[in-house]
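Numbering of the sequence shown is given in this note's numbering, commencing with residue 169 and proceeding in unit increments.
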Amino acid sequence: MKRTSITVLLLVALAGGAGGFLLDHALTVSGRATFTPALGLPLLLALLAVAVLALGWTVRRSIRSPEHPRMNPFRALRIAVLARASSLVGALLLGFAAGALAYISTRPVGPPIGSVLALTATLGAALVLVIAALVAEHFCTLPTDSDGPDSPGALKGDDDEHPRPAGHPAH
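Below is the structure:
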């Protein structure tokens, strides 16, 4: 499993931004109020960021600390996949909130302060989620083999030059 690339995150954020902008435009054209996320969404995103970081830390501790028992590799891989999915969801919501915020900012009538605050809080919490998920994904990578084949961190058959997620079998 490769690490999440910044290019993919930027493309997802751009798609989310277009979606947020177009949704608000479609709502306005049809005579409805623009979309305003619930105030619980930023809180939920922040809690998800904390959970992903905590799970990633357990994998890191299991990999790097000899006094902690080894984690089941399938569990570690699931945590790495959760971190990747969280970064993609965070990028999508970050773009969506930015697109919706851009749309209501360009309207001739001033946007309601509640909408601006909710969208700004969602944007910030989504950014926090993306960063936390990328850090957790980094926590889930095995250390590189810099000490040779007999070092404690070396794995049999590991001739990759890049670290791989914990639990990912060698080819």
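Here a beta-carbon is modelled for each residue, glycine too, at the ideal position from N, C-alpha and C.
Just so we're clear, the structure is a prediction, and the values are computed from it rather than from any experiment.
Top-ranked residue by Cα proximity to residue i, from the options
i                 : options                        : result
glycine 263       : Arg171, Val180, Ser173         : Val180
alanine 244       : Trp225, Ala259, Leu261         : Trp225
valine 176        : Leu260, Ala268, Ser233         : Leu260
threonine 288     : Val303, Leu211, Leu269, Val257 : Leu269
phenylalanine 307 : Gly278, Pro279, Arg252, Ala286 : Arg252
isoleucine 299    : Glu235, Gly278, Ala219         : Ala219
glycine 267       : Ser255, Val277, Ser283, Ser254 : Ser283
valine 197        : Ile272, Leu295, Ala286         : Ile272
glycine 208       : Glu305, Val303, Ala304, Ala286 : Ala286
valine 280        : Leu191, Pro205, Ala248         : In the sequence on display, residue 280 carries proline and not valine. Minimum Cα distance to proline 280 is reached at Pro205.
DSSP state of residue i mapped onto helix, strand, coil
i             : result
threonine 309 : strand
alanine 206   : coil
serine 198    : coil
threonine 288 : helix
threonine 172 : coil
glycine 316   : Note that glycine 316 scores 44 on pLDDT, short of 50, meaning its location in the model is unreliable; the coordinates nonetheless yield the value given after this. Here glycine 316 sits in coil by DSSP.
glycine 325   : Only weak support exists for where glycine 325 lies, its pLDDT of 43 falling under 50; the coordinates are left without a value.
valine 277    : coil
valine 296    : helix
Buried versus exposed call for residue i [16 or more other C-beta atoms within 10 Å across all chains shown]
i                 : result
phenylalanine 189 : buried
arginine 275      : exposed
leucine 221       : buried
alanine 227       : Sequence check: residue 227 is valine here, not alanine. Valine 227 is buried by the Cβ-count criterion.
leucine 178       : exposed
glycine 278       : exposed
leucine 184       : The sequence shown places glycine at residue 184, rather than the leucine named in the question. Per the 10 Å Cβ criterion, buried.
arginine 258      : Here the sequence assigns glycine to residue 258, which means arginine is not the residue at that position. With 16 or more other Cβ atoms within 10 Å, it is buried.
Beta carbon of residue i nearer than 8 Å to that of residue j
i             : j             : result
leucine 216   : leucine 291   : no
alanine 294   : leucine 213   : yes
threonine 172 : serine 255    : yes
arginine 246  : histidine 236 : no
leucine 195   : alanine 186   : no
leucine 223   : alanine 304   : yes
**Minimum length 3: unbroken beta strand (DSSP E) runs contained in the segment 230-256** = none
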